[in-house]
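Q: Handing you a structure now.
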Amino acid sequence: MPNSQVPPQKVKLGKAIYFDCSTKQLFSKQHTIALNRAEREVLYSLVSNAPRMVSKADLLQAGWARKEVAATSLFQTIRNLRIKLKEEEKGQIIELIPKLGYKIITTPYEEPIPQSNVEEHTKRERFKRPKLAYSIVTTLVLCGLIILSGVYYHSHNEKFYHQVVTDDDNNTIVLLSNQEEDLAFLLNHNNQYIVPKKINNKLFFLAKSNEYYSIAFCEKTVQNYCDPATARAVTFKHFDLNSFWPLLTEESLSIGAMSVYKDDIKIKASAKSYNLYLEDGKISPNLSQYFIHKIKPYTWSFTGVSYRMNNNTKEFVATSFKGGKFTLRKTTIEPFIAATRTNPEYFYWINSKEELQQMGIALPSKIESYVNSLFKQTVGYDTYMLFRQPELYLWYSDRTGFYWLNKQGLEASNFSEFNQFAKCRNFLRLNQTPECD
1321 MPNSQVPPQK VKLGKAIYFD CSTKQLFSKQ HTIALNRAER EVLYSLVSNA PRMVSKADLL
1381 QAGWARKEVA ATSLFQTIRN LRIKLKEEEK GQIIELIPKL GYKIITTPYE EPIPQSNVEE
1441 HTKRERFKRP KLAYSIVTTL VLCGLIILSG VYYHSHNEKF YHQVVTDDDN NTIVLLSNQE
1501 EDLAFLLNHN NQYIVPKKIN NKLFFLAKSN EYYSIAFCEK TVQNYCDPAT ARAVTFKHFD
1561 LNSFWPLLTE ESLSIGAMSV YKDDIKIKAS AKSYNLYLED GKISPNLSQY FIHKIKPYTW
1621 SFTGVSYRMN NNTKEFVATS FKGGKFTLRK TTIEPFIAAT RTNPEYFYWI NSKEELQQMG
1681 IALPSKIESY VNSLFKQTVG YDTYMLFRQP ELYLWYSDRT GFYWLNKQGL EASNFSEFNQ
1741 FAKCRNFLRL NQTPECD
């Protein structure tokens, strides 16, 4: 049976997450971390009994009182808590006791040092360590020279914050932003717009950058994978946010599931991506087929052909092509699995603007034009792999938003490194690699 002793009011979990037993709230120094009822009660039971183990039966009773649920519900809740507690390694905070239950590792909560004390301490350190100050100045000068020389990419300094939320309709939502305070904003919009709608069994990725929102989504399978045929991404400017949410219904999501070709067998490409752009309340679909060739380990050349919808015939028409090279590399930026450096080399329109209009094809939006300009200017940029499953990969850049890459054809050798690279790096824990558990 669980321990009946009075738990401490607040505890620290991991490096910088805290739990208040009196209010059953999980929080960091910047914001509150949302918990559903099962997560809240299971976490409270673990903390209030720490460091003792709590049996699986007692945790099921705590999380789902007066309701019978399968043991998998507890497994999913523990997995969600591991993500929210930012476990770097499985068992670092919540430890599984095989066949028995779980226990949690807590440390005492320490009140923040008053600001006046911090300022006084800073003044003393400033005079005590002149050598350190000299070292810092020297380092800054060197970094400035490296940046001016073009060797150091700005993206190496990037920091991202993320949060994973699962609602009662089996929707899993991944929130991503450069600014930690934006996570609370995204979570509020999720609670306001996704939760009340009749949407279930979806996997959503919501990101906010300095200029754009980008949202990727798909139908979720029982294995917590994406159905590749439903994987779509929408990117839009900040002022279009209120235009997007009304479109987020079962009917509007079907816009992503329209038939691309009457017969997909006609084109043997290496990969396909299907991105939507929202501008002034209107969504324009853009399909790209990629022909990818491996040059050497972790480096590929590519040519992409883009198609836009002919509104007169309701068919896709090839409108432009682009190409370049990209290199797969490691990244230390969480929560990403890997990174690529893309080096564009060319971009060409197949048809003029007048010809496109005559065919009933809407001209590219400002966002799509911006993405195309990266290829026209041959400006290199970084993108990051956020999610992967067999033959499907989700990439993100704060410059271009989300895009899916869906493997096609028979060229498996082109993609084997995508699957094997940093194989056990999986911050989101949306699906598991058995050999990495």
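According to the working numbering, the sequence shown holds residues 1321 to 1757 in order. The beta-carbon is built from N, C-alpha and C at its ideal position, and this holds for glycine as well.
If you count every other CB in all the chains shown that lies within 10 Å of the CB of LYS1406, and 16 or more means buried, which is it?
A: On the sequence shown, residue 1406 is found 86 positions in, with the first residue counted as 1. The residue in question, LYS1406, is buried, as its Cβ has 16 or more Cβ neighbours within 10 Å.
Q: Name, in chain order, the residues that DSSP records as bridge partners for CYS1538.
A: Here residue 1538 is taken as the residue at index 218 of the sequence shown, counted from 1. Answer is LEU1523.
Q: Helix, strand or coil: how does DSSP classify GLN1678 here?
A: In the sequence shown, the residue the question calls residue 1678 occupies position 358. DSSP places GLN1678 in helix when its eight states are reduced to three.
Q: Could you tell me which uninterrupted beta strand (DSSP E) segments, each at least 3 residues in length, are contained entirely in the segment 1606 to 1676, listed from first to last along the chain?
A: 1619 to 1630, 1635 to 1649, 1658 to 1669
Q: Rounded to whole angstroms, what is the Cα-Cα separation between LEU1523 and PHE1622?
A: The residue you call residue 1523 lines up with position 203 of the sequence shown. The residue you call residue 1622 lines up with position 302 of the sequence shown. One C-alpha to the other measures close to 29 Å.
Q: Give the DSSP-derived three-state secondary structure of LEU1462 in the structure shown.
A: Here residue 1462 is taken as the residue at index 142 of the sequence shown, counted from 1. Because LEU1462 carries a pLDDT of 35, less than 50, the predicted location of this residue cannot be relied on, and no value is offered for it.
Q: Can you give me the Cβ contacts of ASN1739 inside the same chain, cut-off strictly under 8 Å, excluding the 5 residues immediately before and after it?
A: Within the sequence shown, the letter at position 419 stands for residue 1739. These residues qualify, in order along the chain: ARG1708, PRO1710.
Q: In the structure shown, what three-state DSSP assignment does ASN1510 receive?
A: Reading the sequence shown from its first residue, position 190 is the one you call residue 1510. Helix.
Q: List the endpoints of the continuous beta strand (DSSP E) containing ASP1702.
A: By 1-based counting over the sequence shown, the position of residue 1702 is 382. Per DSSP, ASP1702 belongs to the beta strand (DSSP E) from 1701 to 1709.
Q: Tell me the rounded alpha-carbon separation between THR1619 and THR1652.
A: Start at 1 with the first residue of the sequence shown, and residue 1619 comes out as number 299. Start at 1 with the first residue of the sequence shown, and residue 1652 comes out as number 332. In a straight line, the C-alpha of THR1619 is about 19 Å away from that of THR1652.
Q: Check PRO1428 in the structure and name its three-state DSSP category.
A: Position 108 of the sequence shown holds residue 1428. Assigned with DSSP and collapsed to three states, PRO1428 falls in strand.
Q: Within the segment 1349 to 1377, note down every full beta strand (DSSP E) run reaching 3 residues or more, in order along the chain.
A: none
Q: Where do the N-terminal and C-terminal ends of the alpha helix (DSSP H) with GLN1483 fall, by residue?
A: One-based indexing of the sequence shown puts residue 1483 at position 163. Per DSSP, GLN1483 belongs to no alpha helix (DSSP H); it is in the beta strand (DSSP E), 1481 to 1486.
Q: So, is VAL1374 buried or exposed, given that buried needs 16 or more other C-beta atoms within 10 angstroms?
A: Here residue 1374 refers to the residue found at position 54 when the sequence shown is read from its first residue. It counts as buried.
Q: Which residue from PRO1664, ASN1630, ASP1600, ALA1370 puts its Cα closest to that of GLY1644?
A: Within the sequence shown, numbered from 1, the residue matching residue 1644 stands at position 324. Among PRO1664, ASN1630, ASP1600, ALA1370, the Cα nearest to that of GLY1644 is on PRO1664.
Q: Roughly how many angstroms lie between the CA atoms of THR1392 and TYR1690, to the nearest whole one?
A: Here residue 1392 is taken as the residue at index 72 of the sequence shown, counted from 1. Here residue 1690 is taken as the residue at index 370 of the sequence shown, counted from 1. Their Cα atoms are separated by approximately 45 Å.
Q: Assign GLY1721 to one of three DSSP states: helix, strand, or coil.
A: Here residue 1721 is taken as the residue at index 401 of the sequence shown, counted from 1. Three-state DSSP puts GLY1721 in a strand.
Q: Does DSSP put GLU1737 in a helix, in a strand, or in coil?
A: Numbered from its first residue, the sequence shown carries residue 1737 at position 417. Correct three-state label for GLU1737: helix.
Q: Buried or exposed: PHE1559, going by 16 or more other Cβ atoms within 10 Å of its Cβ?
A: Position 239 of the sequence shown, counted from the first residue, corresponds to residue 1559. With fewer than 16 other Cβ atoms within 10 Å, it is exposed.
Q: When DSSP labels each residue in this structure, what does LYS1696 get in the three-state scheme?
A: The residue you call residue 1696 lines up with position 376 of the sequence shown. Of the three classes helix, strand and coil, the one that applies to LYS1696 here is helix, per DSSP.
Q: Could you spell out the range, first to last residue, of the alpha helix (DSSP H) harbouring THR1753?
A: Position 433 of the sequence shown holds residue 1753. THR1753 -> no alpha helix (DSSP H), and no H or E assigned at all.
Q: Taking only three categories from DSSP, how would you classify SER1295?
A: With the chain covering only 1321 through 1757, there is no way to say anything about residue 1295.
Q: Which residue or residues does DSSP assign as beta-bridge partners of THR1555?
A: Here residue 1555 corresponds to residue number 235 of the sequence shown, with the count starting at 1. Answer is SER1534, TYR1597, bridged to THR1555.
Q: Which residue wins for smallest C-alpha separation from ASP1502, given the options ASN1491, LEU1725, TYR1533?
A: Sequence index remark: in the sequence shown, residue 1502 carries index 182 (1-based). Cα-wise, what sits closest to ASP1502 is TYR1533.
Q: Would a C-beta distance cut-off of 8 Å place LEU1380 and LEU1394 closer than the cut-off?
A: Taking the first residue of the sequence shown as position 1, residue 1380 is located at position 60. Taking the first residue of the sequence shown as position 1, residue 1394 is located at position 74. For LEU1380 and LEU1394, yes; Cβs fall inside 8 Å.
Q: Would you please state the rounded distance, in angstroms, between the beta carbons of ASN1726 and LYS1592? I believe it to be under 8 Å.
A: Taking the first residue of the sequence shown as 1, we reach residue 1726 at position 406. Taking the first residue of the sequence shown as 1, we reach residue 1592 at position 272. With 8 Å as the limit, ASN1726 and LYS1592 qualify as a contact, their Cβ atoms being about 5 Å apart.
Q: Does GLN1329 come out as helix, strand or coil in the three-state DSSP assignment?
A: Residue numbering aside, residue 1329 sits at position 9 when the sequence shown is read from its first letter. It is coil, neither helix nor strand.
Q: What residues match up with ILE1413 in a beta bridge as DSSP calls it?
A: Here residue 1413 corresponds to residue number 93 of the sequence shown, with the count starting at 1. In DSSP, ILE1413 forms no bridge with anything.
Q: My guess is that ILE1424 and ILE1414 are in contact by the Cβ rule of under 8 Å, so how many angstroms apart are they, rounded?
A: Taking the sequence shown and counting its residues from 1, one reaches residue 1424 at position 104. Taking the sequence shown and counting its residues from 1, one reaches residue 1414 at position 94. So it is a contact: roughly 5 Å between Cβ atoms.
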